[in-house]
Structure formats: C-alpha cells, structure tokens
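Contents: one structure, followed by commentary.
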Amino acid sequence: MRIDKINVMPVQNSINPELLFEIEFFVRRDFEIPVDITGSVLSDENRKIANIYGLMHMPNQTFELAAEHRRRREGEEKRVIKLIASLNQKVLDYIETLRIKDRKGDVNLTLDIFIKLVVPNTMISPLTIAKINLGRDELEHQNKSLVAYEHSGEVTPSYNNMWILSGDGSPIFIKIIDYNFKNQIVIRSSDWIHDYCPIYQTGRFSVFEYLLPDYIEGSGSIEERLNESINAIKKMEESLIRGDWNGVIEDSRVVWELLRNQDEIKDLLKRDGYTEPAFDDLNECLKKLFEFSSKFIHRLDKEKKKTMPEIRASKEDAYLIYAVSMNIINLISKKMQRLNLKIS
21 MRIDKINVMP
31 VQNSINPELL
41 FEIEFFVRRD
51 FEIPVDITGS
61 VLSDENRKIA
71 NIYGLMHMPN
81 QTFELAAEHR
91 RRREGEEKRV
101 IKLIASLNQK
111 VLDYIETLRI
121 KDRKGDVNLT
131 LDIFIKLVVP
141 NTMISPLTIA
151 KINLGRDELE
161 HQNKSLVAYE
171 HSGEVTPSYN
181 NMWILSGDGS
191 PIFIKIIDYN
201 FKNQIVIRSS
211 DWIHDYCPIY
221 QTGRFSVFEY
231 LLPDYIEGSG
241 SIEERLNESI
251 NAIKKMEESL
261 IRGDWNGVIE
271 DSRVVWELLR
281 NQDEIKDLLK
291 RDGYTEPAFD
301 DLNECLKKLF
311 EFSSKFIHRL
321 DKEKKKTMPE
331 IRASKEDAYL
341 IYAVSMNIIN
351 LISKKMQRLN
361 LKIS
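Position one of the sequence shown corresponds to residue 21 (our numbering), numbered consecutively onward.
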C-alpha cells in the first residue's frame, strides 16, 4: 500500500468547524483491502488537536481477495478515503497562535493515521490432467508419490476447480496488517484566510456578541460619521479574519472620528440623562483609549519630535479595540434612536 496524494479542505454547511482530508492511495489488486482507519491531527508542536474518523468513498465497487500464484500478474488499484477532523473554538484559537509564530503565517499540521488491511496468505497451485507412464514399482524406486484428487458422489468438482490451497507454509490463510502513515500538511496563509476563515467565521468568535445597528436615516455630521463607523467595523472584521491585528486597530480610527465633535456628542448624551461629570468621565476614558490605540500605528510622540519603539499588536489587543469600537457605535446609535433625533 502507498499513499499518492492528500487534499485538505474545510467542510461547508457544518455547524462545528471541520477539516476534510481526501486521501488517494494504491493497494495491490485483489491482495489488499482496507477495512478500518483511525488517527489524529497534530500541530507542528506535536500536540493533538483533533481525532479523525474515516469514510470509504468507493461507491458501486466490489472488493475481492485472491490467492497468490506464480502466473498471476500483480497490479495496483486506486482507492479514496475521506477523513473528517472536528475542530472547536479552542483549537482555532490555538491555530491562530501558531500562525502568528510561523514566518509565512501558514498552518502546519501532521496527519497521523493507521490503516488496517486484510491480506490473504493463501497460495494456490493449478492442477492439470496428465497421463502417467510410470508404474507403481518405478515410482517407489524413484522415491516418488502420486497426489490423487478424490472423487465423491456428493461433490463432483469440474476440472477448472482443481486447486491445491496452502497457507504459504503455515495454516494461516488471512492476515490483518496495520500501516502507519505520517504526512505533513501545509495550508498556505492565503488559502486559510480566503477559503477556511470565512467558513469557520474565525473573526466573529468572541466571548461577547455585539449586533451592529442599522444605518441611521438622514444626513448630517453625526449620521454620516456613524455610517462610516459601521463600514469601518466590517473592515475590522476582515482584518480579524486575516489575523492582521495592527490592521484592526488602524481600521478603528474612523470609529474614533465619531466622537470628534464634542458638543454634538455631549448634547446627545445629556438629553438622554447624562450629567456633566458623567459625560466628562466617559469622554476622558474614550480619549485615553484612542491615545492607547494610536501608539500601535504612529511611532512619533504627541509633539511629533521623538520616535517611539514600534509596538506590534497581538490578537487580544485587536479584540479589545474591536469590542470598544462596537460599543461606541452601539452607544451612539441607540441614543439617537431612542431620542428620535432627525439630523437634517
């Protein structure tokens, strides 16, 4: 048995994220039949991330085992096995962590599988009809014996069924052999981002779920900035899926622009019941968060004179700014809807 090719793809229309491995392999025709497959998927740190179960994808095919003899020509047949590996959110987070460490952002896996084959251990020798010219005395003189095919009144085999069977030197006629294969699987970064993440909705997993508000009707300063902020959230989600953590923070700048006109925001919140100190505290808090996020983008200090060390955002940094941005939009839009403000 030998493995020829392994294809990997995401399973679509599955509630839980799953990987599909399609394995093309060759077995000896009539001498090897796969009957079971088990195994696991390992990370490049040699940690198990999933068990697998297999599906034999060979519709309308018949499997036969044949005894071996000298005149039989041995050939190969291609078979296909499909393996499913079920993932979960913890595994996806772990994969993203490994992608960050990988220089190219690839997903590196090892498929460790055990395939059980049924193999015949039977040898056959064809008999033929031949005339014997030697007598009994001559056979004994040459130390030879005759092998006779006994005729039975109940069983009358035809000539072409006259076979001598043996277990190749033993009484064992069938063997079960386990093969172990370890194959390296590389999912390129571009494939993971474009083909896998949208199906797994990688960028939308979070401890808390925030719903984007509908577009606010009308035109005006707050309304326009709010709609631009909603578009920015969608860009942030795309950056999350790509694992571009600094890109997430850079995309959030449009959301901070929503708070640019302090008088408009202050009037909106005070009309909904905020006191002056409450607005000042919230405004100061959001202002500090904006200054914090800008340090991932700009390397100059406030006076634009001193170059600061570069800060590379991590996943948790990106999700912090993403969650804050979602809440800012939710806060402003809900206040506007509650007060039925119409900007014209």
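Virtual Cβ for every residue (Gly too), placed ideally from N, Cα, C.
Go ahead and pull the three-state DSSP assignment for residue i.
i    : result
I23  : strand
G293 : coil
K98  : strand
V28  : strand
S272 : coil
L123 : Note on identity: in this sequence residue 123 is Arg, with Leu being the wrong assignment. R123 falls in the coil class under three-state DSSP.
Q204 : strand
D211 : helix
D113 : helix
D264 : coil
K255 : helix
L306 : helix
K68  : strand
T130 : strand
K354 : helix
L62  : strand
K136 : strand
K286 : helix
Mind checking residue i: buried by the 16 CB within 10 Å criterion, or exposed?
i    : result
E311 : exposed
Y216 : buried
L75  : exposed
L107 : buried
L246 : buried
P30  : buried
I341 : buried
D157 : exposed
I192 : exposed
I120 : exposed
D271 : buried
I213 : buried
I35  : exposed
Can you grab the Cα-Cα spacing for the pair residue i / residue j, in whole Å?
i    : j    : result
I205 : W265 : 26 Å
S314 : G263 : 19 Å
S190 : A86  : 17 Å
I285 : A343 : 20 Å
L129 : Y114 : 12 Å
Y220 : I207 : 15 Å
Q357 : Y294 : 16 Å
I196 : V139 : 6 Å
T222 : A298 : 36 Å
S16  : I269 : Here the chain has residues from 21 to 364 only, and residue 16 is not among them.
K290 : D301 : 13 Å
E257 : G125 : 18 Å
K355 : I242 : 12 Å
E96  : Q81  : 15 Å
T117 : S63  : 11 Å
R273 : M21  : 58 Å
N60  : K202 : Per the sequence shown, the amino acid found at residue 60 is Ser instead of Asn. Spanning the two alpha carbons is a distance of roughly 10 Å.
I69  : D198 : 23 Å
F316 : A338 : 10 Å
F45  : I194 : 22 Å
V28  : D211 : 11 Å
E277 : D292 : 21 Å
D283 : K307 : 15 Å
V47  : N66  : 29 Å
C305 : T58  : 54 Å
D122 : V111 : 16 Å
Q109 : S259 : 18 Å
E160 : E88  : 32 Å
Out of the options, which has the shortest C-alpha to C-alpha gap to residue i?
i    : options                   : result
D50  : E84, P30 and D64          : E84
P54  : L309, I43 and L246        : I43
L359 : L288, L40, A338 and K308  : L288
E52  : H214, N141, D211 and N71  : N141
E244 : N281, L39 and E160        : N281
D24  : G95, N33, R99 and T58     : R99
G267 : L131, I331, D198 and L306 : I331
L372 : L279, V47 and L309        : Residue 372 is absent from the structure shown; the chain starts at 21 and stops at 364.
L131 : W212, N36, R48 and I26    : I26
Y73  : E88, L40 and F46          : L40
Looking only at its own chain, which residues have a Cβ that is under 8 Å from the Cβ of residue i, when we skip the five neighbours before and after it?
i    : result
V275 : S249, A252, I253, S345, I348 and I349
E296 : K290
Heavy atom of the ligand FMN less than 6 Å from the Cβ of residue i, yes or no?
i    : result
N200 : Among the components modelled here there is no ligand, and therefore nothing to report on the ligand FMN.
Apart from the five residues on each side of it in sequence, which residues of its chain come closer than 6 Å, Cβ to Cβ, to residue i?
i    : result
N200 : F134
S209 : K124, G125 and D126
P329 : none
V38  : Here the sequence assigns Glu to residue 38, which means Val is not the residue at that position. Taken in chain order, the residues that qualify are V31, I104 and S106.
N71  : S60
Identify, in the order they occur along the chain, each residue of the same chain with its Cβ nearer than 7 Å to the Cβ of residue i, setting aside the five sequence neighbours on each side.
i    : result
D56  : K136
K255 : D271
Any beta-carbon of chain B closer than 7 Å to the one on residue i?
i    : result
Q109 : No chain B is present in this structure, which holds just one protein chain.
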